[in-house]
Structures are given as C-alpha cells and as structure tokens.
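For reference, the structure discussed in these notes is given below.
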Amino acid sequence: MATAPSAFKPIAEISPDVASWVASVAAATLPDRIHWCDGSPAETARLRNELIARKELAPLNEKTFPDCHIAYSHPSDVARVEHLTFICSKNKEDAGPNNNWMDPAEAHAKMDALYRGCMKGRTLYVVPYCMGPIDSPYSRCGVEITDSAYVVLNMGIMTRMGRQALERIAAEGGKFVRGLHSIGELDPNRRFIMHFPEELSIQSFGSGYGGNALLGKKCHALRIASYQARTEGWLAEHMLIVGLKNPQGELHYVACAFPSACGKTNLAMLIPPASMPGWEVFTVGDDICWLQIGPDGRLWAINPESGYFGVAPGTSPKTNKNAFDMIRKDTLFTNVALTASNEPWWEGIGAGEPSTDWQRRPYDPKNGPAAHPNARFTVSAVHNPAYTKEAENPKGVPISALVFGGRRREIAPLVYEARDWQHGVLVGASVASETTAAATGAVGVVRRDSMAMKPFCGYNFGDYFQHWLNIGAKLKQPPKIFHVNWFRQGQDGKFLWPGFGDNLRVLEWMLDRVAGRAGAQETAIGNLPRPSDLNLDGLDIAPAVVEELLSVKQDAWRKEVADIRNYLGEYGARTPQAMYAELDSVEKRLG
Ligand code: OXD
Ligand code: MN
Numbered sequence: 068m069a070t071a072p073s074a075f076k077p078i079a080e081i082s083p084d085v086a087s088w089v090a091s092v093a094a095a096t097l098p099d100r101i102h103w104c105d106g107s108p109a110e111t112a113r114l115r116n117e118l119i120a121r122k123e124l125a126p127l128n129e130k131t132f133p134d135c136h137i138a139y140s141h142p143s144d145v146a147r148v149e150h151l152t153f154i155c156s157k158n159k160e161d162a163g164p165n166n167n168w169m170d171p172a173e174a175h176a177k178m179d180a181l182y183r184g185c186m187k188g189r190t191l192y193v194v195p196y197c198m199g200p201i202d203s204p205y206s207r208c209g210v211e212i213t214d215s216a217y218v219v220l221n222m223g224i225m226t227r228m229g230r231q232a233l234e235r236i237a238a239e240g241g242k243f244v245r246g247l248h249s250i251g252e253l254d255p256n257r258r259f260i261m262h263f264p265e266e267l268s269i270q271s272f273g274s275g276y277g278g279n280a281l282l283g284k285k286c287h288a289l290r291i292a293s294y295q296a297r298t299e300g301w302l303a304e305h306m307l308i309v310g311l312k313n314p315q316g317e318l319h320y321v322a323c324a325f326p327s328a329c330g331k332t333n334l335a336m337l338i339p340p341a342s343m344p345g346w347e348v349f350t351v352g353d354d355i356c357w358l359q360i361g362p363d364g365r366l367w368a369i370n371p372e373s374g375y376f377g378v379a380p381g382t383s384p385k386t387n388k389n390a391f392d393m394i395r396k397d398t399l400f401t402n403v404a405l406t407a408s409n410e411p412w413w414e415g416i417g418a419g420e421p422s423t424d425w426q427r428r429p430y431d432p433k434n435g436p437a438a439h440p441n442a443r444f445t446v447s448a449v450h451n452p453a454y455t456k457e458a459e460n461p462k463g464v465p466i467s468a469l470v471f472g473g474r475r476r477e478i479a480p481l482v483y484e485a486r487d488w489q490h491g492v493l494v495g496a497s498v499a500s501e502t503t504a505a506a507t508g509a510v511g512v513v514r515r516d517s518m519a520m521k522p523f524c525g526y527n528f529g530d531y532f533q534h535w536l537n538i539g540a541k542l543k544q545p546p547k548i549f550h551v552n553w554f555r556q557g558q559d560g561k562f563l564w565p566g567f568g569d570n571l572r573v574l575e576w577m578l579d580r581v582a583g584r585a586g587a588q589e590t591a592i593g594n595l596p597r598p599s600d601l602n603l604d605g606l607d608i609a610p611a612v613v614e615e616l617l618s619v620k621q622d623a624w625r626k627e628v629a630d631i632r633n634y635l636g637e638y639g640a641r642t643p644q645a646m647y648a649e650l651d652s653v654e655k656r657l658g
C-alpha cells in the first residue's frame with residue numbers, strides 16, 4: 068500500500084484526524100508539552116538520556132552489553148492485571164463471560180475523571196504506529212498517546228513507529244485505533260485497562276507494565292484486533308510464527324498458540340538438537356499472529372509486531388541460545404537483577420551471581436528471587452540470529468499447521484492431531500493450562516484458556532468459536548491442527564519430555580503428517596504418533612517414558628470431556644452446536 072510522502076510537512080500536520088484527537092486529549096489532560104514521535108534514532112537517544120537523567124533508566128556494562136539499559140517498574144506494577152481489564156461493549160453479552168464487562172458510558176465517565184489534568188507537569192507523547200509490515204494490506208494502524216517515555220522507547224522497538232505510520236494513517240483517511248495511556252500515580256486502586264471495541268479505542272490508566280501500557284500489543288493487536296478481525300473475516304491470535312526447513316529443503320511455517328510464559332519465544336527461536344543436522348529454523352514472530360485467508364484459499368500469517376517483549380528468567384544458552392545472544396546489545400531490560408559488574412542477571416541464566424535485586428536492594432535470598440519472575444527484555448526482532456526477512460513480507464507467510472498447547476502436568480499427551488478443522492476448533496477451545504507470573508494472581512492453577520486467548524479475546528468466546536468455524540469453512544486448503552503438551556510430569560514431579568530443541572522432533576512428525584508421510588494411531592481424542600512414528604534418534608529417553616507421553620487415559624479423558632462440556636456451557640446459546648457434536652463424538656469414542 069503506497070503512502071503519500073510528506074517529508075516536508077511538520078509531523079503534527081500529516082493527519083488532521085490525529086491532530087484534532089490529540090488536541091482534545093491535551094485539553095483534558097493538560098500536559099506541559101506535546102511531543103510527536105517520529106521514530107528516529109536521534110529521538111530514541113534523547114528519550115534515553117532524559118530517563119537516565121531522571122534515574123528511571125540506567126545503562127548496563129558498556130563493554131559486554133552495549134546500548135543495553137535497565138528500567139524498574141513500581142513493585143506493585145509488574146504484570147498484566149486481568150481483574151482490572153475490561154471490554155466495554157454496548158451489550159454485556161457481546162463481551163461474554165470470558166471478559167470483565169463495563170457499560171461504555173460508565174467506563175468513559177470513570178476514565179474521563181481519572182484523565183482530567185493527569186498530565187500536568189508532564190510531556191504528552193503522540194506515538195503513531197503500524198502493526199504489521201508498513202506496506203501490507205493486512206496491517207492496521209493506531210496512535211498511542213502516553214505520558215511515559217519508557218512506553219515510547221518500548222513502542223519504538225515493538226512496532227513500526229513514527230512518521231511512516233502517521234503517513235499511512237493519513238493515506239487511509241484517518242482510520243486508526245485510538246489508545247490513550249497515562250501512568251497516573253501508579254496506584255493499583257486507580258488502575259484500569261478499558262477497551263471499547265465498537266469505537267476501536269483503548270484507555271489505560273495507572274500502570275506502566277508492558278502488557279497494560281504498550282497499547283499496540285495485547286490491547287490493540289489482540290483485544291481490539293480480534294473484534295475487528297471478526298467483522299472483517301480474519302483472525303487475530305496469541306500465536307508465534309516459525310519457519311522450519313528440513314534437510315531436504317522443504318520449508319513450512321507453523322503458528323502455535325500457547326498461554327503466556329509457556330515457551331512461545333523459545334519455540335519461535337528453537338535451535339535444532341545436534342542429532343538433527345540439516346534443519347533450519349526461522350522466527351517470524353513470538354507472540355501475536357494475524358491470519359488472513361489468502362487468494363489461494365490458504366491461511367497466510369503476519370506478525371504485527373517488530374520486536375520481542377520476552378520473559379527473561381529461564382533464558383540461558385542452554386534453553387534459548389538465540390534469545391540469549393539476541394539480548395546482548397541494544398536491549399531494554401525491565402525488573403531483572405544486576406551483577407557486581409553491572410550485567411543483567413536472572414534465575415536460570417546459568418552463570419554469574421546477583422549483586423542487586425529487581426527492587427535495587429542488595430541481593431538477599433530472604434527477599435525472594437533476584438529478578439522478578441516476570442522480568443522482561445524488549446529487543447528488536449532484527450537482532451534475533453534466526454530472524455527472517457519474511458517477517459517483512461507484505462503477503463505474510465503461508466501456514467501449514469496450527470498448534471495449540473498448554474502447561475499441563477497430566478492428561479494431555481505430548482502431541483495429537485485433530486481429525487479436521489472443526490475438531491481442531493474444539494481442541495483449541497478446550498486448551499487448559501496452569502497460570503503463570505505473566506498476570507497477577509495465583510500461579511500454577513489449571514484454567515481453561517481457549518486458543519490461549521482467555522485474557523485477550525475482545526468479545527464473547529461463543530461467537531469466537533463460531534468465527535473460527537466460519538473461517539475454516541472458507542479455506543480451500545486448511546492447515547492441519549495439532550495439540551501439544553511439553554510439560555507432562557511423572558509421579559516424581561519431573562518433566563517427562565526434554566523440551567526446547569527436542570521439540571523439533573514433534574514438529575517434524577507434524578510436518579510429515581502435513582506431507583502425508585508419517586504414520587499415526589487413531590485414538591478417541593485424535594491421531595497420535597506411535598513411538599516408532601517419532602524421530603527419537605540420539606535422544607536418551609526410556610521407551611516406557613515415551614509410552615507414557617503418548618498415552619490416552621480413558622478415565623481421565625472422560626472427566627476431561629465432562630469438564631469441557633461444562634466449560635462450553637458457560638457461553639450458553641452462543642456456543643455453536645457443532646462444538647457439542649464434536650465433543651459427543653469424542654465421548655462416544657472413549658466408550
Ligand atoms: C505477554 C503475555 O507478555 O502474554 O506476551 O503476557
Ligand atoms: Mn503473550
């Protein structure tokens with residue numbers, strides 16, 4: 068899509084629609100200054116220096132971590148706040164039981180009161196951004212107004228931010244998602260993340276944490292985009308996108324939906340084990356995927372983001388060497404610990420030791436982990452050794468397989484294949500996972516998390532399942548759908564599957580299924596590989612463990628089916644009958 072070059076126009080004049088919205092927000096919030104972000108390196112340097120002068124940012128060891136910085140958030144503001152996140156559709160039923168709902172008029176009144184005068188003494192930053200390649204017809208634009216320079220720095224990494232995005236907005240006639248953000252006083256009692264899908268707008272107050280404050284990410288690219296995608300006939304999903312080339316040179320892209328902090332970044336950057344020579348892995352995205360039906364009737368995917376906002380703890384040369392290498396330069400760390408030589412440190416890094424913790428205290432194990440369990444890195448995708456230029460392809464990449472998964476100690480086997488698209492939608496809707504530190508609240512509690520979208524779908528899940536069925540009906544060549552569980556544990560609480568690079572063995576089976584080459588056994592829940600169907604060459608794993616990983620326990624699954632039935636019932640008449648029909652047939656096969 069061509070955008071009109073307005074290189075000589077002052078940036079504030081490129082889009083009159085944006086300018087008039089900025090003026091009305093400024094009249095309410097009363098900032099001292101307004102800064103229009105152009106996305107230039109000079110602007111980044113200036114903002115960094117301002118934050119450093121205010122002691123809100125600090126450079127790390129120049130020699131070993133050049134251009135890297137550390138930021139700390141308020142200790143009460145370290146994760147997404149699902150209980151304070153609302154979908155404000157006109158009709159409560161349209162938000163569904165999967166969301167907190169607030170009447171839009173009530174939400175606007177509440178937010179207007181919070182925003183009144185909230186930027187006095189502060190700078191109002193105007194952050195125009197494009198989600199997706201700047202020239203892709205599948206991309207969508209937004210503008211975030213924020214009073215946080217830290218947010219601007221993050222948005223500059225995570226999105227195509229600045230002048231070009233504003234030019235696209237102007238060329239598109241001023242259609243953009245309006246996101247208004249203020250950190251307020253960081254008071255958890257005055258914190259709300261409101262979404263108005265019907266108005267294509269977002270209002271966030273009182274938090275500086277990424278998932279609550281970088282409005283292009285969860286708020287726009289998932290909650291608002293999922294709603295917009297339904298009205299326009301596409302899908303906005305919580306999925307990584309990865310390209311896999313086998314030793315014969317066949318390249319396939321797969322998109323995988325796992326809940327937060329369940330290894331999407333690791334899988335997207337997987338390094339093949341030494342015993343699988345000749346494989347190559349390319350990362351297109353690690354968190355969000357927009358899927359469109361292409362002219363050929365296949366699903367095509369773009370990653371709307373241009374960077375990674377990844378969980379630092381657990382990242383090491385062993386678990387994710389690509390990520391570890393990627394974050395050694397030009398990276399913004401949040402809430403990690405520091406070593407005595409001013410290098411970042413976190414639990415699971417595998418070397419060094421912490422000197423100060425994420426609250427800037429001298430490290431003392433009595434205070435808990437040195438890095439916050441949800442400590443993050445923000446880094447541009449181009450620094451990933453597995454980066455592919457396909458991430459910039461305006462057409463996206465064609466998807467051969469969709470994979471759902473969760474973190475489950477028991478029940479779900481290592482992998483199974485859905486019989487067809489409709490069964491796959493049931494499999495995705497039934498995803499369950501143990502909660503993690505990515506959101507505030509109890510960790511380790513199993514909850515249903517349909518398509519890993521529980522915190523992110525901007526409308527009623529019943530309608531969402533129907534939308535998935537509708538998309539399937541339009542696809543001439545639908546991808547195969549699979550379910551995986553890397554987290555199955557034995558009686559002793561140890562993981563049964565090695566995970567990480569060895570997950571490629573499971574992906575290899577999937578791609579061979581796509582190509583019609585690999586065997587499987589039919590079971591009540593779907594098609595599973597027999598141990599002999601998996602490439603286990605060079606893997607030290609006992610045959611009994613493989614049997615256990617590939618077992619379907621009838622009794623446990625009967626209970627699971629009953630639980631899924633109850634869950635689907637929560638969406639009442641909005642749950643498509645086709646989902647019950649699929650569940651009935653699983654139940655029948657279980658006997
Ligand atoms: C994330 C999340 O930050 O899912 O990606 O919480
Ligand atoms: Mn995520």
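Take 68 as the starting number for the sequence shown in the numbering used here and just add one per residue.
Note that beta-carbon positions come from the ideal geometry of N, C-alpha and C, so glycine has one too.
Values in this document were obtained by computation on a predicted structure and should not be read as measured data.
When the beta-carbon positions are compared, Ala146 and Asn594 stay at least 7 Å from each other. Between the beta-carbon of Cys329 and that of Gly473 there is about 7 Å, and that keeps the pair under the 8 Å contact cut. Note on geometry: alpha-carbon atoms of Pro171 and Lys157 lie some 6 Å from one another. With distances taken between CA atoms, Lys385 lies nearest to Gly415 out of Asp105, Val573 and Gly415. Phe532 carries a helical assignment under DSSP once its states are collapsed to helix, strand and coil. Contact annotation, Gly278 with Thr226: C-beta distance approximately 14 Å; criterion of less than 8 Å not satisfied.
Phe243 has its alpha-carbon roughly 8 Å from the corresponding atom of Leu267. Contact between Ala448 and Ser373 holds: CB atoms are separated by about 6 Å, below the 8 Å threshold. Around Gly566, the same chain offers Trp553 as residues with beta carbons nearer than 7 Å, after the five sequence neighbours per side are excluded.
For Pro200, the secondary structure class from DSSP, reduced to helix, strand or coil, is coil. Between Ala368 and Ile291, the gap from beta carbon to beta carbon reaches 7 Å or more.
Look at Val573 here: in three-state DSSP terms it is helix.
Boundaries of the beta strand (DSSP E) around Arg100: Arg100 to Trp103.
The C-alpha of Glu239 is placed about 37 Å away from the C-alpha of Glu123. Residue pairing by DSSP puts Gly352 in a beta bridge opposite Ile308.
For the stretch 209-266, the full-length alpha helix (DSSP H) segments reaching 4 residues or more read 216-225 and 230-238 along the chain.
In the displayed model, Glu299 falls within a helix according to three-state DSSP.
Within its own chain, the residues whose Cβ lies closer than 6 Å to the Cβ of Met169, once the five positions on either side in sequence are excluded, are Phe153 and Cys155, listed in chain order. Rounded to the nearest angstrom, the gap between the Cα atoms of Arg486 and Arg555 is 23 Å. Within the stretch 105-165, the complete beta strand (DSSP E) runs of at least 3 residues fall at 124-126, 136-138 and 152-154. The closest heavy atom of the ligand MN lies 6 Å or more from the beta carbon of Ser500. Less than 7 Å divides the Cβ of Thr445 from the Cβ of Asn221. Fewer than three Cβ pairs drawn from the stretch 249-258 and the stretch 226-236 lie within less than 8 Å of each other, which leaves the two stretches out of contact. Beyond the five residues adjoining it in sequence on each side, Arg641 comes within less than 6 Å, by CB distance, of Asn527, Gly529 and Asp530 in the same chain, given in chain order.
Non-local beta-carbon contacts of Thr190 in its own chain, meaning distances under 7 Å to residues more than five positions away in sequence, involve Pro98, Asp99, Arg100, His102 and Asp214 in chain order. Sixteen is the threshold: since fewer than 16 other Cβ atoms of the shown chains lie within 10 Å of the Cβ of Phe75, the residue is exposed. Between Arg113 and the set His175, Tyr217 and Cys185, the nearest pair of CA atoms involves Tyr217. Near the ligand MN, meaning a Cβ closer than 6 Å to any of its heavy atoms, lie the following residues in chain order: His305, Ser327 and Asp354. For Ala505, the Cβ falls inside the 6 Å cut-off from some heavy atom of the ligand OXD.
For Thr96, the secondary structure class from DSSP, reduced to helix, strand or coil, is helix. Contact between the stretch 609-620 and the stretch 636-652 is absent: fewer than 3 CB-CB pairs across the two stretches fall below 8 Å.
The residue from Leu151, His287 and Tyr196 with its alpha-carbon nearest to that of Ala174 is Leu151. If you check the C-beta of Gly278 against the ligand OXD, you find a heavy atom less than 6 Å away.
Within the same chain, Leu97 come within 6 Å of Lys187 by CB-CB distance, once the 5 residues on both sides are set aside.
The beta carbon of Ala94 lies closer than 6 Å to none in the same chain, with the five residues before and after it left out. Straight-line measurement puts the Cα of Val89 at about 16 Å from the Cα of Ala232.
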